[in-house]
Amino acid sequence: MTYIPHTEAERSQMLAAIGVKSLDALYADLPADVRFPDLALPEAASEMEVMEDLQLLAEANLHVRQASCFLGAGAYNHYVPSVVDHILRRNEFYTAYTPYQPEVSQGTLQVIFEFQSLITFLTGMEVANASHYDGATSLAEAAILSLNHHRGKRTKIVLSAGIHPQYREVLRTYLQGQPLAIVGDGSLADDPASHIDENTSMVAVQYPDFFGNILDLEALGRAARDYGALLCVVANPIALGLLKPPSEFGADIVVGEGQPLGIPLSFGGPYIGFFATREEYVRNMAGRLVGETVDSRGQRGYVMTLTPREQHIRRGRATSNICTNQGLMALAVTAYLSTVGRAGLKQVAELCYHKAHYTAQAIDQLDGYELWNRDPFFHEFVVRCSRPVAEINEALLDHDIIGGYDLGQVYPELGEHMLIAVTELNYKEEIDDFVEVLNEQG
Amino acid sequence: MNRVEPNVYELSTPGRPSHRFPDLDVPFAELPDKMLRDHLELPELSELEVTRHFVRLSQLNFGIDTAFYPLGSCTMKYNPKVNEDAARLPGFAHTHPLQDTKVLQGNLALMYTLQEWLAEIGGFAGVSLQPAAGAHGELTGILILRAYHQDRGDPDRKKILVPDSAHGTNPATTTMSGLSVIELPSDKRGNVDLEALRTECDDTVAGLMLTNPNTLGLFEEHVEEVIKLVHDCGGLVYGDGANMNALLGVIRPGDLGFDVLHYNLHKTFSTPHGGGGPGSGPLGVSEALLDYLPGPIVDTVEPGDDDLPPLYGLVMPKKTIGRVKAFHGHFGMHVRAFTYIRSYGKSGMRDIADHAVLNANYLLAALRDTYHVPFDRTCMHEFVLEGRFEKAPGVHALDVSKRLMDWGFHPPTNYFPLIVQEALMIEPTETESKATLDAFIEAMKSIAQEAEDHPEQLQTAPHTTAFGRLDEVQAAKELVLCCRPAELSTAET
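Order-wise, the sequence lines are chains A and B. For the first sequence, counting from 1, position 245 maps to 245 in our numbering; every step adds exactly one. For the second sequence, counting from 1, position 192 maps to 634 in our numbering; every step adds exactly one.
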């Protein structure tokens, strides 16, 4: 298959216009000894053949539409209304570049402005940017904001062990070149508040936490404020359809994974990280921002603004190296929230909540299982099993059920504990089947 | 005609029936009253209102599928439609990243093969697909350089050399990694200045970041010598693969001695730019750096035989710098890039580079007499012109760009690279036909003539687009980043 349109005659005319005899002659500046390697790649194929190959690969997977899925742990199986993908497939959106030329990019710019607005209101904060790669990298960028805010004078980051383990890992990867202490997540017994001191740049928690718990963050917010540390809350956006926004606990930064808002699981990406904060920190914020303005004809319009923070202007002194945002994923989130609206988001959150509680209660009553959560939880909860989780999941797979996350993999104190997620896509019958198989495997 | 589209909050009507989810089929559980929110400011629209809103917004946009988009350094090539269908196959689109890998062998086989293909195309020993974008790949690469020196007991290597023609992400990445930037000047032919490089090469150099072809669209003529100088002083060479489209099947950066390189799947391998993302920035490394790659990467855990395919698994390299994002990278982009490479195949790789380079040189040859060319050599896949006119000193590159919109073209990249005055950076890509290029040449020549005859036509352009020039100063001064509360209260009453 090729998408190159040139005919032989056109190629000859073009080479003549350039004044060379062959295509090879265009590469005279390149070292001759390594030119034109013989690549070990498959031969070209027609679209029909390529699609057959891909179909075979796709069919070698078990996907969540062929099974019941009770796996979450940072990626959630939600329903995406049809209209969302139809909007994403508008060619003018998905084949556009970053909106550097606002006169011909008002579509993308207004979508980002609306995305910023929706995230601002959902989190209860004052400003939101145009997005990050995912929830994990938005947490890392929050830490960098806090360090810049304190002008590098504070060198401690406090993380709760209840933050997604991979997010904490990514934050550590990002900051490995900086002389910092990253503490607080050594064990589940650790209380983040006890680590906060006058050297603390940021304290971060997850809401609901990795185990589904809905924790009251009021006291932690106060502790952070007392020492001038920034409070960062990693939030689940579906939960925010029901729960108090983190702004009510005094959050300075709210970040999170936007995937639950209209983005398919897609084996972990592309997703979208959202990032909202207070207006006073806007100049330390990474990533793109779209602002409202007017055009030369007096029409309301939008442009990327406060660009002097960014790498293409400030280079080595930029707030971050981020260049690409997750433009199309921001469109998905904007289309999703516009479609489900105020009532729809609340309804999804409630469906998740009630179904998760129904499931938890049923499992708690089984022999060999016990509900681990002591606090209120949202749509995810932990059960202590009396066998290795991997073995139970193996048995569940035989019934086309994708079981929960094996917490022992990352929390040594939680061997034989399963993290279970329930969403609006789990009907009562499949929950009952799940509980039934668990019972057999108890 | 006023083309302003109301925002979603302005379009909202309280109580408007909208999307319906199934009724609750389990008993109510008690809600934690004191943790509930009392208001939620989200809009309320019917599905038709939503659809029209976004369709109207899309019509205010310009994409590759609209018309020619010669935005330099961005490789705005055609995004094949079959790639979109492939990524949406349910077996790919609806797999959870933490499922048992035994039931995801299709995904892992695809990722493993893509790792192998990218390594082969770039001449590297291994590839991680995890980085989410070009700048993300850069950060990953520089952290790997740092970890390599640390691991060898050489932690004082803190200098990263960056040519003055580099993308802004290069110095920004260096700072983020805790290293310091030393800028290198360019010589008269647009290459790295070898004398300046020699002076900087000492035992404090961690590495050099090199974009090749560079952002002037020129192949670094002394590339082997540049790499040798850096290697001889103990440094490593990072390749910014933003311009890899010129090199497919032509030269492999690994064969030139590059130690690390990020690929931009959204440039070279045709995954759509999406209005600014998602991108995907896999990283290729040499043998010596394999153990530092971010993970997990896909590897065979049990070899296959005649009857059975190999069993793939996710593994963490031994001395990994860690994860750079949650899960496994932008898998949806991996599917698209896989589809693209599979379609073009072995011989197609070189066809891509050949026609990208042919198209760029054809435009350069046609425009060289009309516009000033700061470094006039055979270019690779792109080239830089100066958008300034001796007889029209009040006309700038930006004016040329805006006037091009009236001809129905997307403008080239403006004011980059920084080392060229009034830069217009033009990258046609291989998927444009001669007829399109000829139309663009005609537009560029007419605009140059118009600059002398009617400069105001350029200075006030665009004239035919839905929006005129936007006031960026007002946007930064008044800083409206969110739908105004006034609009909200109107929506709520």
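Glycine is no exception: its CB is placed at the ideal position from the N, C-alpha and C atoms.
- Distance from the CA of Ser82(A) to the CA of Val422(A), rounded to the nearest whole angstrom, comes to 21 Å.
- Our two residues, Arg778(B) and Asp741(B), have alpha carbons roughly 20 Å apart in a direct line.
- Runs of the alpha helix (DSSP H) spanning 4 or more residues and lying entirely within the segment 558-624 of chain B occur at 576-593, 611-618, in chain order.
- Closest in alpha carbon position to Thr781(B), among Val410(A), Ile363(A), Leu57(A), His78(A), is Leu57(A).
- Take Pro179(A), set aside five residues on each side of it, and the residues of its chain with a beta-carbon closer than 7 Å to its own are Thr155, in chain order.
- At a cut-off of 7 Å between beta-carbon atoms, His838(B) makes no contact with chain A.
- The segment 70-155 of chain A is shown to contain whole alpha helix (DSSP H) runs of 4 or more residues at 82-88, 91-94, 106-123, 135-149, in chain order.
- For a Cβ distance threshold of 7 Å, residue set Tyr97 of chain A lies close to Met518(B), ordered along the chain.
- For the segment 146-179 of chain A, the set of residues with a beta-carbon nearer than 9 Å to any beta-carbon of chain B comprises His164, Gln166, Tyr167, Glu169, Val170, Arg172, Thr173, Tyr174, Leu175, Gln176, Gly177, Gln178, Pro179, in chain order.
- Sixteen is the threshold: since fewer than 16 other Cβ atoms of the shown chains lie within 10 Å of the Cβ of Phe470(B), the residue is exposed.
- Neighbours of Glu486(B) across chain A, judged by C-beta separation under 8 Å: Gly341, Arg342, Ala343.
- With a cutoff of 7 Å on beta-carbon distance, Asn706(B) and Glu663(B) are scored as not near each other.
- Residue burial is scored here from C-beta neighbours: Asn199(A) has fewer than 16 other C-beta atoms within 10 angstroms and is therefore classed as exposed.
- The three-state reading of DSSP puts Ile214(A) in coil, since its state is none of H, G, I, E or B.
- A contact is defined here as three or more CB-CB pairs under 8 Å, and the segment 902-914 of chain B fails this definition with respect to the segment 827-839 of chain B.
- Taking a beta-carbon distance threshold of 7 Å, Ser247(A) does not count as an interface residue toward chain B.
- For Ile739(B), there is no enclosing alpha helix (DSSP H); the enclosing beta strand (DSSP E) has its first and last residue at 739-744.
- Taking a Cβ-Cβ cut-off of 7 Å, the neighbours of Glu43(A) in chain B comprise Gly787, Lys788, given in sequence order.
- Residues are counted here when their Cβ sits less than 9 Å from a Cβ of chain A; for the segment 615-645 of chain B these are Thr615, Thr616, Thr617, Met618, Ser619, Gly620, Leu621, Ser622, Val623, Glu625, given in chain order.
- The residue among Met1(A), His6(A), Thr2(A) with its C-alpha nearest the C-alpha of Thr878(B) is His6(A).
- Straight through space, the alpha carbons of Val382(A) and Gly415(A) are spaced by roughly 12 Å.
- For the pair of segments examined, the segment 534-542 of chain B was found not to touch the segment 692-704 of chain B: the number of CB pairs separated by less than 8 Å stays below three.
- In the DSSP assignment, the residues bridged to Tyr302(A) are Glu292(A).
- Burial is judged here by how many other beta carbons sit within 10 angstroms of a residue's own beta carbon; Thr710(B) has at least 16 and is buried.
- Residues of the segment 861-895 of chain B with a C-beta less than 7 Å from any C-beta of chain A: Glu872, Thr873, Ser875, Lys876, listed in chain order.
- Residue range 200-207 is occupied by the beta strand (DSSP E) that includes Ser201(A).
- Around the beta carbon of Thr855(B), 16 or more other beta carbons lie within 10 angstroms, which makes this residue buried.
- If you keep only unbroken alpha helix (DSSP H) runs of at least 4 residues inside the segment 678-707 of chain B, you get 695-698.
- The C-beta of Val203(A) has 16 or more other C-beta atoms within 10 Å across all chains shown, which makes the residue buried.
- For Met867(B), there is no enclosing alpha helix (DSSP H); the residue is part of the beta strand (DSSP E) that begins and ends at 865-868.
- Taking the CA atoms as reference points, Val340(A) sits about 52 Å from Tyr813(B).
- Identification of chain A residues near Tyr804(B) by a Cβ-Cβ cut-off of 8 Å yields Met14, Ala17, Ile18, ordered along the chain.
- Under the Cβ distance rule, Asn236(A) does not count among the residues neighbouring chain B, no pair being separated by less than 7 Å.
- For the pair Gly268(A) and Phe909(B), the CB atoms are not nearer than the 7 Å cut-off.
- Of the other Cβ atoms in all chains shown, fewer than 16 fall within 10 Å of the Cβ of Arg297(A); this residue is therefore exposed.
- With 16 or more neighbouring CB atoms inside 10 Å of its own CB, Thr108(A) falls in the buried class.
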